[in-house]
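Down below is the structure, laid out as structure tokens.
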Amino acid sequence: MKECKLFIKYKVDGKLFSDDNYQNQHYVIEKSFSDNMVKLDIIPKAEIELVALELSYNYEYDPESRFYINGYQSWTTSYEARSDDRQRGITPILKAIPFGKLLAATSGDYSFVDYPSKAGMFHSFTYTYITKDSSDELCFYGSLNEKTGYTIFHADMNSNKLKVVKDVEGVIISKPYELLNIIRIEGLYDGVFDKYFAALNISKPSKIDHLAGYTSWYNYFGTIDEKIILRDLDGLDRVKDVVNIFQIDDGYQPFIGEWTSKNEEKFPIGMKKIAEKVHKKGYLAGIWLAPFNVQRKSKLVKEHPDWFIKNEKGKPIIGCVGWGGAYVLDIEIKAVREYIKNFFDVIANDWNFDMFKLDFLYSQCMLPRNGKSRGQIMCEAMEFLRECAGEKLILGCGVPLGPAFGLVDACRIGCDMDLQYKPRFYNKLHVNNEIPSVQNSMTNTISRRHLNGRVFLNDPDVFFFRDTNLKFTLEQKKILAKVNNLFGSVLFVSENVADYGDDALALAKKAFAKSNAMIISVTCDEDKCYTIKYLQDGEQKKFSFDLKTGTEL
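Just add 81 to wherever you are in the sequence shown, counting from 1, and you've got this note's numbering.
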């Protein structure tokens, strides 16, 4: 990794500078290069505001090379891209609609990463790999430090270029600062990821190795109440021997952000009693939170208008467009941190829930601020949430993955599941890379399989076996369940199992069971047909299906 070209842009006393030298009147950059690593540290001679940093390499892509795209956050589409593919950003139609870009861009990287319209140009967050022509070997590149800013790998397969970009926007330094720390590994698929996470010194998840059970969202969404929850809790008795968790999603709280306020109308007995009833069944009790978000019509907004992240105009930013819009609590404010710690303490130690599903976490780092990059803010936010949760389980969701490594016990690795298999009109329009989609969710389940059991338990989102409020064929249900079971370790339904017929019950029990399959290889052709080879119970097996139609081949 020695032969590269440096580019740095920065400000001193408000004046903008750019350079390609490792030292000048404002800084010295100490460099460590070898064939398998690069590390850069900047020593400023005055206070410097960093704007941009990149290293450019020549890279000879083979004709059949594929570049792995690790999307910005949990929901972002991730896959192996071919030279004739195009990584799509926000559709021009949405950009032309008032507030269209805001709606589409809130959850992604669209405000700080360019999406070229040309095929063969891609970017990947934190790590990537490039396949070799007619070989199973990979050339892997990974960041060893996201705390100083997101590391983004850019491929230009047309011009045979590979660029490493550090998102240092907003960083202000007056002391030595690590700019970049990259490792390069060559080898087979499993081997390179074993070596990468060993280099990161991340231990495998140890608290639990399998979660199976119920989550309320994908049937009732926010319309849950005590009657529905307790009915579905009883319904889970039919699969009691293969499940271990019951999770309550959005809808139990009166407003987003008012997590410990009692919802007298919908949950009169209160969430502490609900958790007790879950525990009496022998299950872990899980609960959903969006810990950084507050609904705009919440009383918290009126009582504490100074608690929220503001834009350059002094207006609170929108961290989520759901619920009529939600603002983002600023954890740089001491009173905000105390508020968050308090509701975690109540839910963990008074209500006695065992697992927090923490959602929309990306919202904390939408803007760099206080001299920190987006990556530093997100890493500090995840460390703070781990502190708040203590020894309770965390299931991360809507979170940039690098900052979550080693801090969550489980994590969503794809976008939300949809209630119909066929893509909707907004999927065809391509609103963004984070919108609910069965196909994108399954693609991520397969393409991010390397994370499962190495850094956390992969949550591929729900599978279905009900017959109501759903547009899936039986074959599509079976394929989704099998993909989730083969590649995931968090296996949920959002259904009253009491309503299952005998066939659906048998299928659900099989899907909930912990898989002992060892994945040998995964291939995907240009028509989105997957072939998965795996070893199970001493027998080599093959599973092939058409992702577009949901039919087994």
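Each residue gets a CB set at the ideal place from its N, CA and C atoms; glycine is no exception.
Taking a C-beta distance under 8 Å as the contact criterion, Phe-573 and Thr-304 do not qualify as a contact pair. Under the Cβ criterion (8 Å, minimum of three pairs), the region 133-148 counts as touching the region 203-221.
Look at the beta carbons and you see the region 110-123 touching the region 254-265: at least three pairs across the two are nearer than 8 Å. The closest CA to that of Val-409, considering only Gly-403, Ile-399 and Arg-418, is found on Ile-399. Bounds of the beta strand (DSSP E) holding Leu-260 are 258-268.
Scanning the region 400-482 from its first residue to its last, the whole beta strand (DSSP E) runs of 3-plus residues come out as 407-409, 436-439 and 474-477.
According to the DSSP assignment, Gly-181 belongs to the alpha helix (DSSP H) that extends over 181-186. DSSP, reduced to helix, strand and coil, places His-531 within a helical segment of the structure shown. Inter-residue distance for Val-512 and Ile-150 is about 18 Å (C-alpha atoms, whole angstroms).
As the crow flies, the alpha-carbon of Ala-293 is around 6 Å from that of Val-571. A check of alpha carbon separations from Val-323 across Lys-591, Cys-610 and Thr-604 identifies Lys-591 as the nearest. DSSP, read as helix, strand or coil, puts Ser-518 in coil. Excluding residues up to 5 positions away in sequence, Asn-325, Ile-326, Asp-435 and Met-436 lie with their Cβ nearer than 7 Å to the Cβ of Leu-365 in the same chain. Within the model, the alpha-carbon separation for Leu-442 versus Asn-521 is close to 20 Å. Look at the beta carbons and you see the region 523-543 touching the region 552-569: at least three pairs across the two are nearer than 8 Å.
A direct Cα-Cα distance of roughly 22 Å separates Lys-285 from Gly-367.
Across the set Lys-503, Phe-545, Asp-499 and Asn-597, the C-alpha of Phe-545 shows the shortest separation from the C-alpha of Val-578.
The Cβ atoms of Thr-232 and Ser-240 do not sit closer than 8 Å to each other.
By a beta-carbon distance limit of 8 Å, Asp-499 contacts Pro-517. Their separation comes to about 5 Å. Rounded to the nearest angstrom, the gap between the Cα atoms of Arg-167 and Val-427 is 47 Å. The beta carbon of Ala-562 sits closer than 6 Å to those of Phe-544 and Ala-592, all from its chain and outside the five residues before and after it, given in chain order.
Distances from the alpha-carbon of Glu-227 to those of Gly-351, Met-238, Ile-129 and Tyr-208 put Tyr-208 closest. Between Asn-597 and Tyr-108, the alpha-carbon positions lie close to 54 Å from each other. Judged by DSSP secondary structure, Asn-139 falls outside any alpha helix (DSSP H) and instead within the beta strand (DSSP E) spanning 129-139. Annotation for Lys-614: Ile-601, Ser-602 and Lys-623 place their beta carbon closer than 6 Å to its own, counting only its chain and skipping 5 residues before and after.
Considered as a whole, the region 306-393 harbours 326-329, 365-370 and 374-376 as its complete beta strand (DSSP E) runs of no fewer than 3 residues, in chain order. Distance from Cys-492 to Leu-476 at the Cβ level is roughly 7 Å; contact confirmed, criterion being Cβ atoms closer than 8 Å. Annotated three-state conformation of Pro-125 is strand, per DSSP.
8 Å or more divides the Cβ of Ile-414 from the Cβ of Ser-379. C-alpha of Glu-161 to C-alpha of Glu-419: approximately 43 Å in a straight line. Judged by DSSP in its simplified three-state form, Asp-237 adopts strand. DSSP, reduced to helix, strand and coil, places Ala-598 outside both helices and strands of the structure shown, so it counts as coil.
Taking each of Thr-632, Cys-605 and Asp-580 in turn and checking the Cα distance to Asp-315, the smallest one comes out for Asp-580. Looking only at Met-599, Gly-230, Phe-274 and Asp-411, the smallest Cα-Cα distance to Gln-621 is reached by Met-599. Ile-254 sits away from Pro-173, with the two beta carbons spaced by 8 Å or more. Only residues of its own chain outside the window of five on either side were considered, and among them Glu-307 have a CB closer than 8 Å to the CB of Ile-350, listed in chain order.
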